[in-house]
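For the sequence shown, full-length UniProt numbering assigns the number 1 to the initial residue and increments by one for each residue that follows.
Note that beta-carbon positions come from the ideal geometry of N, C-alpha and C, so glycine has one too.
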Amino acid sequence: MTLLLFDLVLIATLLTLAVAALTSVEPRRAVMLFIAFGLWLALVWARLGAPDVALAEAAIGAGLGGALMLAAARRAARRRQRTEGDG
């Protein structure tokens with residue numbers, strides 16, 4: 001019974017993070033939510049008994065992908081500031 005409750009909390013939190021990341025207006029916040037989603041998804045994979053997929057998701061999905069998206073969001077913000085400063 002407690003594992004079923006734990007699984008339901010995992011699913012609900014995963015769906016909430018996904019919706020929050022997709023509907024976020026601010027790019028940096030969306031990336032942070034995506035990273036949290038990737039880490040939570042790694043926990044779900046571990047719960048499903050796939051530790052190799054969980055490690056790959058944490059390292060590549062949340063870690064590397066998140067870092068690249070944060071860099072892109074930072075670059076886009078700088079470009080936006082330069083464009084607004086010229087106008």
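Close Cβ partners of residue i (< 6 Å) along its chain, the five nearest in sequence each way excluded
i	result
Val25	none
Ala54	Ala42, Trp45 and Ala46
Pair within 7 Å by beta-carbon distance, residue i and residue j
i	j	result
Leu70	Val31	yes
Thr38	Ala62	Correcting the residue type first, residue 38 is Gly in the shown sequence and not Thr. Yes. Within cutoff.
Ile35	Gly85	no
Glu57	Ala46	no
Ala33	Ala20	Going by the sequence as given, residue 33 is Leu instead of Ala. For Leu33 and Ala20, yes; Cβs fall inside 7 Å.
Cβ-based neighbour list, residue i, same chain, cut-off 7 Å, excluding 5 preceding and 5 following
i	result
Val44	Leu10 and Leu14
residue 135	Because the chain is modelled from 1 through 87, residue 135 falls outside the range shown and cannot be assessed.
Same chain only: Cβ atoms within 8 Å of residue i, ignoring 5 sequence neighbours per side
i	result
Arg74	Arg28
Asp7	Arg47
Backbone secondary structure at residue i - three-state DSSP
i	result
Met32	helix
Leu39	helix
Met69	helix
Val44	helix
Gly49	coil
Glu57	helix
Val25	coil
CB contact below 7 Å: residue i versus chain B
i	result
Thr13	Looking for chain B here will not work: only one protein chain is present.
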